[in-house]
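Quick notes on the structure that follows.
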Amino acid sequence: MNVVDTQTLERTARNVREHILRMSTNGGAFTGASLSCADILVYLYSQYLRISPAMVDDEYRDILLLSKGHDVPALYGVFAELGYIDPARLQHHLSTNDSIYWHPNRDIPGVEFHSGSLGHLLSVGIGMAIDARMKGLPTRVVVIVGDGELNEGSMWEGALTAAALKVDNLIMVVDRNGFQANMRTEELIPLEPLEDKFRSFGWFVHQADGHDFDDLDQTFKALMTNQGKPNVVIAITQRGKGVPSISERADRWFCDFSLHEVMELIDELNGKSTAELTSETLVVR
Amino acid sequence: MNPYEELLLRHCQNSGELMVLTAENRGHLRTVPPFLGDRFIDVGIAEQTMIGMAAGMAMRGRTVVTHALAAFITMRSYEFIRDDVGIPNASVIMVGMVPGVLSDGNGPTHQAIEDVAIMRGIPNIGVFCPCDIDEFVEGMDYLITDGRPYYVRYIGMPASFVHTEPFIPGVAEVLHTSDAAESDVTILTYGYMCRIAHAVIPLLEAKDIRVRLVNMRTLKPVDERRIIEELQQSQVVVTLEDHLSTGGLFSIVAEVLLRNHPEHHARVLPIALSSWFKPGRLQEVLAHEGLDPIAIAARIETYITTHVQEHGAHE
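Protein chains in written order, with the working numbering: chain A, 5 to 289; chain B, -19 to 295.
As structure tokens, then:
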């Protein structure tokens, strides 16, 4: 591991965040949720997963499934930075001439399964992980889920089944940014104590700072020796991370900024001036 | 081991890729699990998870037979079938136990009587409704090898007649013809109702009504050519189904008729369920719902008397 130094990871993550902001105009995107999981995706694709642009059809590759599909700008930003897709394609966001829209789909190289409706890809991941185990492949299946997504009954149905079937090549990562669409998770459907819930469901439970590459690395390295149970990593994150004027805000989940605002937000990302935002807040989808 | 289990075992032995998943519905899969080893997974009472897992396995190159009660596999996991099987065209076959009237005494929660309507509404997914275990096994042999996603209305009952035509999706089977040249009535049906329709034939023929009986086999793809032919050659076409009259065979015939607008065509009499049926022993259910041979024959005879002999066929 540690094939890439932390400085490189941080530079990649900054670029991914710029892609996310650039996709948050002309129709908009789920900006807040994308920014919260950007570092996790950068870490996994750069450091952890046995996957590369040349390996997208390789039987021995690891698999990442984005179950909270609305954060796809983060995934496509990573794909653009790491060579899976031409970065110029991101300008086709929401154009019917390409397939880059609000949720992932398999027309984009590197996407293993489409999503959009929440609560689906844990069970799809269980199926893929069992298939790999039966074939004797070293495949690890990582499923990225949102904390709001844990409202879905199918997540807990799948959690029971994964434990029962001892799917230990499966890793669920909860992007614990503390928000669901319109408000904080604890104000609507409280999840805490979340670690206890997963532990009682028969999972290995880990917690990490979802924005700290060293902490992510230590956590993911540590779980590689676990056997007999599925793993969950609760990654503590911040909605809108990296762009203070929209972070930790319930009303900046789906954002459709003016081009001028996007430029100001990129300045803010680069540590320059704070953006002045006048566009409509909380465009609920 | 029953013929369904023998079929699954045979395919698992022949191919390294077939998986069998159930949501703890082992009624007809009691003996085979130990023989299938790790190719059989009981996921517990978790139909959504079963379908998602099957889709994941299919994406990795497997064909997966999933098995649960018809009402639950289609309706509890409907969105999983639509999203995870339908959208990627995943190689998953969904076998639904006790569809239609076969849920007999279970009550309305277990009545899959809209299953054909909702499953045929999903792009990429076919619908196969065998009328006995022979047709089920022959059709499943074809579908497992073919690998396209299908919903299958399971039936474990022995055959009450010999199938002479090979199973091909979208090709109906003519089970009976009173008169090769012309018919008064063609009964189009599928699944369990085939055997009921078969018992209707002598009752109609005793009244000098010439009957053709067609087993549709698959409702998606459907044999449009056969439907149009019957509409043109018979005075009355009866759609007989243990399904709601919305979205099933009657709707399919209506769609085919509108799409093809033949100039001369038969009147169409739908015999179907209008709501949940009264639960009970199967034969009593049929009698209560007017789906027993005597009641069906009487309805057809009355229809011919009032609509065809008095007013003539549609022209």
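We treat Cβ as the ideally placed atom computed from N, Cα and C, and that holds for glycine. Predicted model, so just to flag it, every value in this text is computed and none were measured.
Supposed contact pair residue j and residue i - C-beta distance, whole angstroms, cut 8 Å
{"i": "alanine 252/B", "j": "serine 214/B", "result": "Contact doesn't hold; Cβ gap of about 19 Å is too wide."}
{"i": "alanine 279/A", "j": "serine 249/A", "result": "5 Å"}
{"i": "leucine 269/A", "j": "valine 247/A", "result": "5 Å"}
{"i": "phenylalanine 224/A", "j": "tyrosine 49/A", "result": "With 8 Å as the limit, phenylalanine 224/A and tyrosine 49/A do not qualify as a contact, their Cβ atoms being about 12 Å apart."}
{"i": "serine 71/A", "j": "glutamate 59/B", "result": "In fact, because the Cβ distance is near 14 Å, the residues do not count as touching under 8 Å."}
{"i": "histidine 107/A", "j": "glycine 129/A", "result": "With a Cβ gap of about 17 Å, histidine 107/A and glycine 129/A do not count as contacting."}
{"i": "leucine 168/B", "j": "methionine 196/B", "result": "6 Å"}
{"i": "glycine 150/A", "j": "alanine 37/A", "result": "7 Å"}
{"i": "proline 79/B", "j": "glycine 171/B", "result": "7 Å"}
{"i": "leucine 39/A", "j": "lysine 245/A", "result": "5 Å"}
Reduced DSSP category for residue i - H, G, I as helix; E, B as strand; rest coil
{"i": "cysteine 259/A", "result": "strand"}
{"i": "lysine 200/B", "result": "strand"}
{"i": "leucine 183/B", "result": "helix"}
{"i": "glutamine 263/B", "result": "helix"}
{"i": "asparagine 6/A", "result": "Note that asparagine 6/A has pLDDT 49, beneath the 50 cutoff, so the model's placement of it is unreliable and the number below is only indicative. In the structure shown, asparagine 6/A sits in coil (DSSP, three-state: anything other than H, G, I, E or B)."}
{"i": "methionine -1/B", "result": "strand"}
{"i": "asparagine 30/A", "result": "coil"}
{"i": "arginine 340/A", "result": "The requested residue 340/A is not part of the displayed model; chain A covers only 5 to 289."}
{"i": "arginine 62/B", "result": "helix"}
{"i": "valine 81/B", "result": "helix"}
{"i": "glutamate 252/A", "result": "coil"}
{"i": "threonine 282/A", "result": "coil"}
{"i": "valine 266/A", "result": "helix"}
{"i": "serine 50/A", "result": "helix"}
CB contact below 8 Å: residue i versus chain B
{"i": "valine 115/A", "result": "no"}
{"i": "arginine 144/A", "result": "no"}
{"i": "asparagine 6/A", "result": "For asparagine 6/A, the predicted structure reports a pLDDT of 49, less than 50, and the residue's modelled location is therefore unreliable. A value from the coordinates is still provided. Closer than 8 Å: no."}
{"i": "glutamate 22/A", "result": "no"}
{"i": "valine 178/A", "result": "no"}
{"i": "glutamate 280/A", "result": "no"}
{"i": "glutamate 153/A", "result": "no"}
{"i": "methionine 138/A", "result": "yes"}
{"i": "alanine 168/A", "result": "yes"}
{"i": "serine 320/A", "result": "Since the first residue shown for chain A is 5 and the last is 289, residue 320/A is missing from the structure and cannot be characterised."}
{"i": "arginine 289/A", "result": "Low local confidence applies: a pLDDT of 49 at arginine 289/A is under 50, so the model's placement there is unreliable, with the coordinate-based value given in what follows. Not one chain B Cβ lies under 8 Å of arginine 289/A."}
{"i": "glycine 206/A", "result": "no"}
{"i": "glycine 150/A", "result": "no"}
{"i": "tryptophan 257/A", "result": "no"}
{"i": "glycine 162/A", "result": "yes"}
{"i": "histidine 210/A", "result": "no"}
{"i": "threonine 165/A", "result": "yes"}
{"i": "histidine 264/A", "result": "no"}
{"i": "histidine 215/A", "result": "no"}
Delimiting residues of the alpha helix (DSSP H) encompassing residue i
{"i": "leucine 25/A", "result": "10 to 26"}
{"i": "histidine -9/B", "result": "-17 to -6"}
{"i": "valine 82/A", "result": "76 to 86"}
{"i": "phenylalanine 15/B", "result": "13 to 16"}
{"i": "leucine 126/A", "result": "125 to 139"}
{"i": "phenylalanine 297/A", "result": "This structure cannot settle anything about residue 297/A, because the visible part of chain A is limited to 5 through 289."}
{"i": "tyrosine 105/A", "result": "Here tyrosine 105/A belongs to no alpha helix (DSSP H), and DSSP marks it neither H nor E."}
{"i": "leucine 168/B", "result": "First-last for leucine 168/B: 163 to 169, but that is the beta strand (DSSP E), not the alpha helix (DSSP H)."}
{"i": "glutamate 115/B", "result": "113 to 126"}
{"i": "isoleucine 98/B", "result": "95 to 100"}
{"i": "glutamate 27/B", "result": "27 to 39"}
{"i": "phenylalanine 183/A", "result": "Taken as a continuous stretch (DSSP letters only), phenylalanine 183/A belongs to no alpha helix (DSSP H), as it is neither H nor E."}
{"i": "glutamate 161/A", "result": "157 to 168"}
Span of the beta strand (DSSP E), counted from its first residue to its last, around residue i
{"i": "alanine 239/A", "result": "235 to 240"}
{"i": "tyrosine 283/B", "result": "Careful: tyrosine 283/B lies outside any beta strand (DSSP E), inside the alpha helix (DSSP H) at 273 to 283."}
{"i": "aspartate 151/A", "result": "Aspartate 151/A -> no beta strand (DSSP E), and no H or E assigned at all."}
{"i": "isoleucine 175/A", "result": "174 to 180"}
{"i": "arginine 247/B", "result": "247 to 253"}
{"i": "asparagine 230/A", "result": "Per DSSP, asparagine 230/A belongs to no beta strand (DSSP E) and is neither H nor E."}
{"i": "threonine 46/B", "result": "44 to 49"}
{"i": "arginine 133/B", "result": "130 to 133"}
Below-8 Å beta-carbon distance, residue i vs any chain A residue
{"i": "glutamate 48/B", "result": "Note on identity: in this sequence residue 48/B is alanine, with glutamate being the wrong assignment. No, alanine 48/B does not count as interfacial toward chain A."}
{"i": "valine 23/B", "result": "yes"}
{"i": "alanine 26/B", "result": "yes"}
{"i": "leucine -11/B", "result": "no"}
{"i": "aspartate 272/B", "result": "no"}
If the cut-off is 8 Å on Cβ atoms, which residues from the segment 59 to 79 of chain B count as contacting chain A, listed in chain order? Listed by position, the residues of the segment 59 to 79 of chain B near chain A (Cβ gap below 8 Å) are Glu59, Phe60, Asp63, Asp64, Ile67 and Pro68.
What are the residues of the segment 60 to 94 of chain A that lie near chain B, defined by any Cβ-Cβ distance shorter than 8 Å? Across the segment 60 to 94 of chain A, no CB contact with chain B closer than 8 Å is found for any residue.
Quick one: which residues of the segment 29 to 48 of chain B get their C-beta closer than 7 Å to a C-beta of chain A? List them in chain order. Here the close residues are Thr29, Gly32, Met33, Ala34, Ala35, Gly36, Met37, Met39, Arg40 and Arg42.
Output, in sequence order along the chain, the residues in the segment 95 to 112 of chain A whose CB is closer than 9 Å to any CB in chain B. Within the segment 95 to 112 of chain A, Asn109 and Arg110 place their CB atoms closer than 9 Å to a CB of chain B, listed in sequence order.
At a CB distance below 9 Å, what residues from the segment 122 to 135 of chain A approach chain D? Give them in sequence order. This model lacks chain D altogether; the protein chains it does include are A and B.
Could you please tell me which residues of the segment 9 to 23 of chain B, in chain order, have their CB closer than 9 Å to any CB of chain A? Cβ contacts with chain A: Asp18, Arg19, Ile21 and Val23.
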